[in-house]
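Let me begin by presenting the structure, written as structure tokens, before commenting on it.
There are 2 protein chains.
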Amino acid sequence: MNVREQIEEMAEGFTPAERKLASALLSDYPFAGLETIQSFAEKTHTSAPSITRFVSKLGCSGYQEFQRRLIDELKERKHSPVDLRDDAMPVGDGFLRRFLERSSDVVTRVSEGVTEDQFERVLELLSDDKRNVFLIGGRMSDPIAQTLSRHLRQIRRDVYHMPPDPEIWPEYLLRVRSRDIFVIVDFRRYEKRLSDLAELAAEKRGARVLLITDKWLSPVAEHAAEVMAIPIESGTAWDSYCGALALVEALITAVAEQDWEATTKRIGGWEALRPNYGAVDDES
Amino acid sequence: MNVREQIEEMAEGFTPAERKLASALLSDYPFAGLETIQSFAEKTHTSAPSITRFVSKLGCSGYQEFQRRLIDELKERKHSPVDLRDDAMPVGDGFLRRFLERSSDVVTRVSEGVTEDQFERVLELLSDDKRNVFLIGGRMSDPIAQTLSRHLRQIRRDVYHMPPDPEIWPEYLLRVRSRDIFVIVDFRRYEKRLSDLAELAAEKRGARVLLITDKWLSPVAEHAAEVMAIPIESGTAWDSYCGALALVEALITAVAEQDWEATTKRIGGWEALRPNYGAVDDES
DNA sequence: TATTAAATGTAATGAAAATTTCAATGTCAA
DNA sequence: TTGACATTGAAATTTTCATTACATTTAATA
Chain R
1 MNVREQIEEM AEGFTPAERK LASALLSDYP FAGLETIQSF AEKTHTSAPS
51 ITRFVSKLGC SGYQEFQRRL IDELKERKHS PVDLRDDAMP VGDGFLRRFL
101 ERSSDVVTRV SEGVTEDQFE RVLELLSDDK RNVFLIGGRM SDPIAQTLSR
151 HLRQIRRDVY HMPPDPEIWP EYLLRVRSRD IFVIVDFRRY EKRLSDLAEL
201 AAEKRGARVL LITDKWLSPV AEHAAEVMAI PIESGTAWDS YCGALALVEA
251 LITAVAEQDW EATTKRIGGW EALRPNYGAV DDES
Chain P
1001 MNVREQIEEM AEGFTPAERK LASALLSDYP FAGLETIQSF AEKTHTSAPS
1051 ITRFVSKLGC SGYQEFQRRL IDELKERKHS PVDLRDDAMP VGDGFLRRFL
1101 ERSSDVVTRV SEGVTEDQFE RVLELLSDDK RNVFLIGGRM SDPIAQTLSR
1151 HLRQIRRDVY HMPPDPEIWP EYLLRVRSRD IFVIVDFRRY EKRLSDLAEL
1201 AAEKRGARVL LITDKWLSPV AEHAAEVMAI PIESGTAWDS YCGALALVEA
1251 LITAVAEQDW EATTKRIGGW EALRPNYGAV DDES
């Protein structure tokens, strides 16, 4: 239950000092409760012990837990209302429509976690063809990593997608040179094998690890040179990786544009090598 | 000035540890910065001193002042009647921002190509566990198909992802019963092998083909029972599959919600079977 | 490869914050 | 008026937190 609601409910049983606290808190909710216990005490002309008693009456084990609750409430209000907000939104209330709305929200919010600057740095690394690039993702996120792999392979050389089975990794790891790149995609339900891999790659082989993860940060972060933390919550029980895909596509596009002739030449040559049951039709 | 803006501005002069901190903070802004200095340090795999140095670089006399600034920002935003999120959403016109803008547009436009009605029909088919489901995508679009495969496999039985090599297909095709489902994802640079497969599956084996393609329609359409034509042009030289991913995720979510107990039970059992080097940490 | 400078974490320190104890104060009923 | 009880804050205590100093590691350059 909401702290505010709880206070209103319990208001009967409060002592005078507690009522002071309650009204101070409610009048500047929840920020009054985010100060230190003593400045809150001072402001309300009560004392720290009174506050301790007050919050424990509210069922918190201490002032800190109380503050955590307030913060969590704020956080929730800020993160969830994607859907609640847009009852004022345009038309269409079908499932698909609503879902798409949220997905597109996740996409735009990517920029909250990745600055243009960081984007540039990553771009720089991925474009440097003196470095090998190794990629891998988690069970559910590997498709994202694969998208990057496949496109990157069209653009540059020395791109290797790691197989899912750790047994086979050594074979790849031996090929890793210092300063090579590891791109790891790992979203919640983090997988230990990935952080193990990151550790090996970074510590033993001197590779740079670029991590794409969510705001709870995969343990891979420990070994990562760049952490791109992007939103994956779409408000449903299931996460959305649309943001991740958008980021990856942005990287691909940027790397390709970085050196345009080289890319077209490469893709051209590559097209020529396709067996002719390959493309059927390319133009509208 | 806003802490967020300041961080983006000063990004150049940051050390690696500071960058980690910056991206962790930005991805869960401003709440990541409201924890105690040590839990923030732990979460980002840096150390408390690094944070102290980081915030002092930001012009704060200490961690506490830094927190005060964050809280004051929250407060201000809260009290101004405008959108709660406005402030958190960085504006700007860097490459990434512009790209994301377009991607999110592609996502919302999916509903132009797929009606709620069609969505329902497809949903129905995918939920029907008396039908086998086979999936495959093109060279670049297979990751989309894989996303669907992998999630679907958590939800229901009899899901088979087709290998890319046509040589192996007969083995699968023999297993196809009449009224089974084929999900094929094929975007421009259509591949002949896919339409061959569609033909075999539909005409010879009596399967229903569900096609996810773009507005120029893959030749697979000829054999498809449902054609979902979605936007893939993001305005760059490269296509964006974000719309496709969003659609696929919507399907997954809807199928899962269709029969919720069955799904949780299935996922639960499935979790229990994971070797314990599986998940590492799941909570924030 | 050796040398230097920068970056980073460990551990020690000092500061402050929160909690507990306890005595003082006020309130109410007998 | 007095005694029992509840409320309260001062002071002491304990805990937690942030910072500083320093040693180690890492990266950069010659």
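If you read the protein sequences in the order shown, they are chains R and P.
All residue numbers for the first sequence refer to this note's numbering, where the first residue is 1 and numbers rise by one.
All residue numbers for the second sequence refer to this note's numbering, where the first residue is 1001 and numbers rise by one.
Every residue gets a Cβ at the ideal spot worked out from N, C-alpha and C, and that includes glycine.
If you reduce the DSSP assignment to three classes, tell me which class Glu1171 of chain P lands in. As a position in the second sequence, residue 1171 of chain P is number 171, starting the count at 1. Glu1171 of chain P falls in the helix class under three-state DSSP.
Taking the alpha carbon of Leu1026 of chain P as the point to measure from, which residue in P:Gly1013, P:Thr1044, P:Asp1105 and P:Thr1036 has its own alpha carbon closest? Stepping through the second sequence from its first residue, residue 1026 of chain P is reached at position 26. Out of P:Gly1013, P:Thr1044, P:Asp1105 and P:Thr1036, P:Thr1044 has the C-alpha closest to the C-alpha of Leu1026 of chain P.
If we ignore side chains and look at the alpha-carbon of each, how far apart do Pro1170 of chain P and Phe1182 of chain P end up? Position 170 of the second sequence holds residue 1170 of chain P. Position 182 of the second sequence holds residue 1182 of chain P. Taking the straight line from one Cα to the other gives about 14 angstroms.
Report yes or no: is there a C-beta of chain R within less than 8 angstroms of the C-beta of Tyr1029 of chain P? By one-based count along the second sequence, residue 1029 of chain P stands at place 29. Yes, Tyr1029 of chain P counts as interfacial toward chain R.
Taking Glu1008 of chain P as the query, report the chain R residues whose CB atoms sit under 9 angstroms from its CB, ordered along the chain. Indexing the second sequence from 1 puts residue 1008 of chain P at position 8. Within chain R, Thr115, Glu116 and Asp117 have C-beta atoms less than 9 angstroms from the C-beta of Glu1008 of chain P, given in sequence order.
Tell me, to the nearest whole angstrom, how far the beta carbon of Val1106 of chain P is from that of Glu1226 of chain P; I am working on the premise that it is less than 8 angstroms. Translated into positions along the second sequence, residue 1106 of chain P becomes position 106. Translated into positions along the second sequence, residue 1226 of chain P becomes position 226. That pair is no contact at about 21 angstroms.
Check the Cβ-Cβ distances between Lys1020 of chain P and every residue of chain R, and say whether any is below 8 angstroms. The residue labelled residue 1020 of chain P in the question sits at position 20 within the second sequence. Under the Cβ distance rule, Lys1020 of chain P counts among the residues neighbouring chain R, one pair being separated by less than 8 angstroms.
Close beta carbons around Glu5 of chain R, own chain, < 8 angstroms, minus the five adjacent residues each side: In the first sequence, the residue the question calls residue 5 of chain R occupies position 5. Correct list: empty, nothing qualifies.
Using a Cβ cut-off of 8 angstroms, pull out every chain R residue sitting near Met1140 of chain P, in sequence order please. Residue numbering aside, residue 1140 of chain P sits at position 140 when the second sequence is read from its first letter. Thr147, Arg150 and His151, listed in chain order.
In three-state DSSP terms, what is Ile1232 of chain P? Against the second sequence, residue 1232 of chain P aligns to sequence position 232. Three-state DSSP puts Ile1232 of chain P in coil, outside helix and strand.
Can you name the residues of chain P whose CB is closer than 7 angstroms to the CB of Ser47 of chain R? In the first sequence, residue 47 of chain R corresponds to position 47, counting from 1. Ordered by position in chain P, no residue passes the 7 angstroms Cβ test against Ser47 of chain R, which lies about 21 angstroms from the chain.
Tell me whether Tyr190 of chain R sits in a helix, a strand or coil according to DSSP, three-state version. In the first sequence, counting from the first residue as 1, residue 190 of chain R sits at position 190. The answer is coil: DSSP assigns Tyr190 of chain R none of H, G, I, E or B.
So, are the CB atoms of Ile1136 of chain P and Leu1194 of chain P less than 8 angstroms apart? Walking along the second sequence from the start, residue 1136 of chain P turns up at place 136. Walking along the second sequence from the start, residue 1194 of chain P turns up at place 194. Yes, these two residues count as a Cβ contact at 8 angstroms.
Beta-carbon gap between Arg1131 of chain P and Arg1179 of chain P smaller than 8 angstroms: The sequence position of residue 1131 of chain P within the second sequence is 131, counting from 1. The sequence position of residue 1179 of chain P within the second sequence is 179, counting from 1. Closer than 8 angstroms, so yes.
Name the DSSP bridge partner or partners of Arg208 of chain R? Looking up residue 208 of chain R in the first sequence gives position 208. R:Ile181, per the DSSP bridge assignment.
On the premise that Val133 of chain R lies in contact with Tyr160 of chain R, defined as a C-beta separation below 8 angstroms, what is that separation, rounded to the nearest angstrom? Here residue 160 of chain R corresponds to residue number 160 of the first sequence, with the count starting at 1. Here residue 133 of chain R corresponds to residue number 133 of the first sequence, with the count starting at 1. Contact between Tyr160 of chain R and Val133 of chain R holds: CB atoms are separated by about 7 angstroms, below the 8 angstroms threshold.
For the stretch 159-190 of chain R, which residues have a CB atom closer than 7 angstroms to at least one CB atom of chain P, in sequence order? Arg188, Arg189 and Tyr190
On a Cα-Cα basis, can you pick out the residue from P:Glu1035, P:Leu1074 and P:Arg1077 that is closest to Tyr1063 of chain P? Reading the second sequence from its first residue, position 63 is the one you call residue 1063 of chain P. Of the listed residues, the one whose Cα sits closest to Tyr1063 of chain P is P:Glu1035.
Distance check for Ala207 of chain R and Met1001 of chain P, CA to CA, integer angstroms please. To locate residue 1001 of chain P, count along the second sequence from 1; it is residue 1. To locate residue 207 of chain R, count along the first sequence from 1; it is residue 207. Cα to Cα, the separation comes out at about 37 angstroms.
Using three-state DSSP, classify Glu199 of chain R as helix, strand or coil. Residue mapping note: residue 199 of chain R aligns to position 199 of the first sequence, counting from 1. The three-state reading of DSSP puts Glu199 of chain R in helix, counting H, G and I together.
For Glu199 of chain R, which residues of its own chain have a beta-carbon under 7 angstroms away from its beta-carbon, when the five flanking residues on both sides are left out? The residue labelled residue 199 of chain R in the question sits at position 199 within the first sequence. Taken in chain order, the residues that qualify are His223.
So the candidates are P:Ser1047, P:Asp1259 and P:Pro1166; which of them puts its Cα closest to the Cα of Asp1196 of chain P? On the second sequence, position 196 is the one that residue 1196 of chain P refers to. Comparing Cα positions, the closest option is P:Pro1166.
Span of the beta strand (DSSP E) holding Phe1119 of chain P? Translated into the one-based positions of the second sequence, residue 1119 of chain P becomes position 119. Counting along the chain, Phe1119 of chain P falls outside any beta strand (DSSP E), though it belongs to the alpha helix (DSSP H) covering Glu1116 to Ser1127.
In this structure, how does DSSP classify Tyr29 of chain R when only helix, strand and coil are distinguished? Here residue 29 of chain R refers to the residue found at position 29 when the first sequence is read from its first residue. Residue state, collapsed to three classes: coil.
From the DSSP output, in three-state form, read off Glu12 of chain R for me. As a first step, residue 12 of chain R must be located in the first sequence, where it is residue number 12. Residue state, collapsed to three classes: helix.
Proximity test, Cβ basis, 8 angstroms: Val133 of chain R and chain P: Residue mapping note: residue 133 of chain R aligns to position 133 of the first sequence, counting from 1. Answer no: the Cβ-Cβ gap between Val133 of chain R and chain P never drops below 8 angstroms.
With a CB to CB cut of under 6 angstroms and the five nearest residues on each side skipped, what residues in its chain are close to Ser1061 of chain P? Here the question's residue 1061 of chain P lines up with position 61 in the second sequence. So no residue of the chain qualifies.
Which value, in whole angstroms, describes the spacing of the CA atoms of Arg1157 of chain P and Asp1129 of chain P? Here residue 1157 of chain P refers to the residue found at position 157 when the second sequence is read from its first residue. Here residue 1129 of chain P refers to the residue found at position 129 when the second sequence is read from its first residue. Whole-angstrom Cα-Cα distance: 7 angstroms.
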